[in-house]
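*Asks:* Numbering (the working numbering), first residue to last: 1243 to 1721. Where is the CB? At the ideal position from N, CA and C, for every residue including glycine. None of these values were measured; they are calculated from a predicted model.
Laid out in structure tokens, this is it:
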């Protein structure tokens, strides 16, 4: 039986190899490109003059895609250039007639693309190639690179002619660049404006006719208008949807958990302090659960209820304390410690499920200005992880204490966090991440399971799924 299966697998591999060779010979790379359209990695390529927000877009997009579970990495060509050329002298480096500068910039772009290839062929799903890419020749080179490696390409062009926006971007972002560390601010602005001029004469924008076969979104004047062309798959659709929701208007987002108990003395003190510490002209969102609604009502301002802001569904463990779960459901308690982000409560949710549920909230928060979200611990962790660019492993262990308001202010390439403590006593519901290895109780539970099913088919099944949940050393000791 085993030999028949092996023979069939070998035959299948030979068939696939033959078909691949046949199609490449008779149909060329065009057909092979179509074959990989459904599930091959995506290369996002930024396009635009300097100071148009390309790196801002790249970083936000990378953060968003990683948050929703799409492995993504940004490759900034400017950073490659800084690592190669340690000292920046002036805009002269970017002049189109500077042969040495052109050679170095091509070398940096090539190095970045090599790293893109390595990343996308070793498990990465999306790479963001952050550079000006202002000429059709450069974009054709990238398209050829992607075609040779079986990557899909999606261009993101940022076009802005508003001098005030450009000036603000230079002052807020570029003056803090390593290029201008020891430079007078006025001189730095002048030099950067000349750097932009070096690109303007050769700039070829994405054209509706010449580039009609490409997949792209063109963002005009910081989101005043959009042009979207040939969106080919689910990832590209989500990219477009996200980019059409973000803005650069200064604002703050406030996150806090509900009051500790139902309008007791401590709860009323909390609400009173909350009103004195945040803006009065802001929107307030709550879940549909009683405590968040009571906290919002005590503020005496309009609020909006969101069902998706409800706390994580703990299924059979709903309303149980950690100690009660450990006592009544020891196996579930142990499995959750193994992978808290992906673990799903029986008849309930995981943090991974919760992130998917909260995506519409993130989209709406990106569209809004000042918002206060009154929510719950797991929900607050998910929202905080998005704004602070935390990994899936870090997310379930973020500290979100009661009676504390977190003020999040988006800045150039990240988010500034301020913690407003309300000086009201509260219980600590945070549980630290367990250390590597199992606790004695977890080990005893595993030993009982193995003893119960040892020698049977189910023990084989449990052994197969073991790497998903259980430390190998502990498992082997159980056997």
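With distance defined between alpha-carbon atoms, name the residue in 1310, 1580 and 1646 nearest to residue 1484.
*Replies:* That would be 1310, whose Cα lies nearest to the Cα of residue 1484.
*Asks:* What does a CB cutoff of less than 6 Å around residue 1421 pick up in its chain, not counting 5 residues either side in sequence?
*Replies:* Within the same chain, residue 1421 has close Cβ partners 1330.
*Asks:* Would you tell me roughly how many angstroms separate the C-alpha atoms of residue 1538 and residue 1616, rounded to the nearest one?
*Replies:* C-alpha separation (whole angstroms): 7 Å.
*Asks:* Any contact of the stretch 1283–1299 with the stretch 1632–1639, i.e. 3+ C-beta pairs under 8 Å?
*Replies:* These segments do not touch.
*Asks:* Helix, strand or coil for residue 1537 per DSSP?
*Replies:* Helix at residue 1537.
*Asks:* Go ahead and label residue 1410 buried or exposed: buried means 16 or more other beta carbons lie within 10 angstroms of its beta carbon, across all protein chains shown.
*Replies:* Label assigned to residue 1410: exposed.
*Asks:* Do residue 1358 and residue 1317 come within 8 Å of each other at the CB atom, strictly closer than that value?
*Replies:* Yes; because the gap between Cβ atoms is below 8 Å, this pair is in contact.
*Asks:* Return the CA-CA distance between residue 1547 and residue 1529, expressed in angstroms with no decimal places.
*Replies:* Going by the C-alpha atoms only, they are around 5 Å apart.
*Asks:* Quick check on DSSP: helix, strand or coil for residue 1656?
*Replies:* Strand at residue 1656.
*Asks:* With a threshold of 16 other CB atoms inside 10 Å of the CB of residue 1332, please say whether the residue is buried or exposed.
*Replies:* So residue 1332 ends up on the exposed side.
*Asks:* Using three-state DSSP, classify residue 1329 as helix, strand or coil.
*Replies:* Coil, per DSSP.
*Asks:* Return the Cβ separation of residue 1613 and residue 1600 in integer angstroms, given the expectation that the two are a contact with Cβ distance under 8 Å.
*Replies:* Their Cβ separation, rounded to whole angstroms, is 14 Å, which puts residue 1613 and residue 1600 out of contact at 8 Å.
*Asks:* Going by DSSP, what residue range makes up the beta strand (DSSP E) through residue 1462?
*Replies:* Here the beta strand (DSSP E) through residue 1462 covers 1458–1462.
*Asks:* Inspect the beta-carbon positions of residue 1644 and residue 1659 and report whether they are closer than 8 Å.
*Replies:* It is not a contact, given that the beta carbons lie outside the stated cut-off.
*Asks:* For residue 1241, which of 1397, 1574, 1669 and 1652 has the nearest alpha-carbon?
*Replies:* The structure shown does not extend to residue 1241, since the chain is modelled only from 1243 to 1721, so the question has no answer here.
*Asks:* My output table needs one value for residue 1393: the three-state DSSP class, helix, strand or coil.
*Replies:* Correct three-state label for residue 1393: coil.
*Asks:* Contact between the stretch 1480–1497 and the stretch 1453–1462 is defined here as three or more beta-carbon pairs at a separation below 8 Å; is this criterion met?
*Replies:* A contact exists between the stretch 1480–1497 and the stretch 1453–1462.
*Asks:* Using only the alpha-carbon positions, how far apart do residue 1559 and residue 1618 sit?
*Replies:* The alpha-carbon atoms of residue 1559 and residue 1618 are separated by roughly 16 Å.
*Asks:* Would you mind reading off the limits of the beta strand (DSSP E) that contains residue 1673?
*Replies:* Careful: residue 1673 lies outside any beta strand (DSSP E) and carries neither H nor E.
*Asks:* Please state whether DSSP places residue 1428 in a helix, a strand or coil.
*Replies:* If DSSP states are grouped into helix, strand and coil, residue 1428 belongs with the helices.
*Asks:* Based on Cα-Cα distance, which residue from 1498, 1585 and 1487 lies nearest to residue 1602?
*Replies:* Comparing Cα positions, the closest option is 1487.
*Asks:* Per DSSP, which one or two residues make a beta bridge with residue 1471?
*Replies:* Residue 1471 pairs with 1458.
*Asks:* Once DSSP output is grouped into helix, strand and coil, what is the label at residue 1316?
*Replies:* Of the three classes helix, strand and coil, the one that applies to residue 1316 here is strand, per DSSP.
*Asks:* Do residue 1322 and residue 1293 come within 8 Å of each other at the CB atom, strictly closer than that value?
*Replies:* Not a contact, by the Cβ cut-off of 8 Å.
*Asks:* DSSP state of residue 1479, grouped into three classes?
*Replies:* Residue state, collapsed to three classes: helix.
*Asks:* With a 10 Å radius around its C-beta and 16 neighbouring C-beta atoms as the bar for buried, classify residue 1308 as buried or exposed.
*Replies:* By the 10 Å Cβ count, residue 1308 comes out buried.
*Asks:* Helix, strand or coil: how does DSSP classify residue 1637 here?
*Replies:* If DSSP states are grouped into helix, strand and coil, residue 1637 belongs with the helices.
*Asks:* Residue 1437 to residue 1338, Cα distance in whole Å?
*Replies:* Straight-line Cα distance between these residues: approximately 11 Å.
*Asks:* Please work out which residues of its chain come closer than 8 Å, Cβ to Cβ, to residue 1384, disregarding the five sequence neighbours upstream and downstream, and give them in chain order.
*Replies:* Within the same chain, residue 1384 has close Cβ partners 1285, 1287, 1355, 1371, 1375 and 1395.
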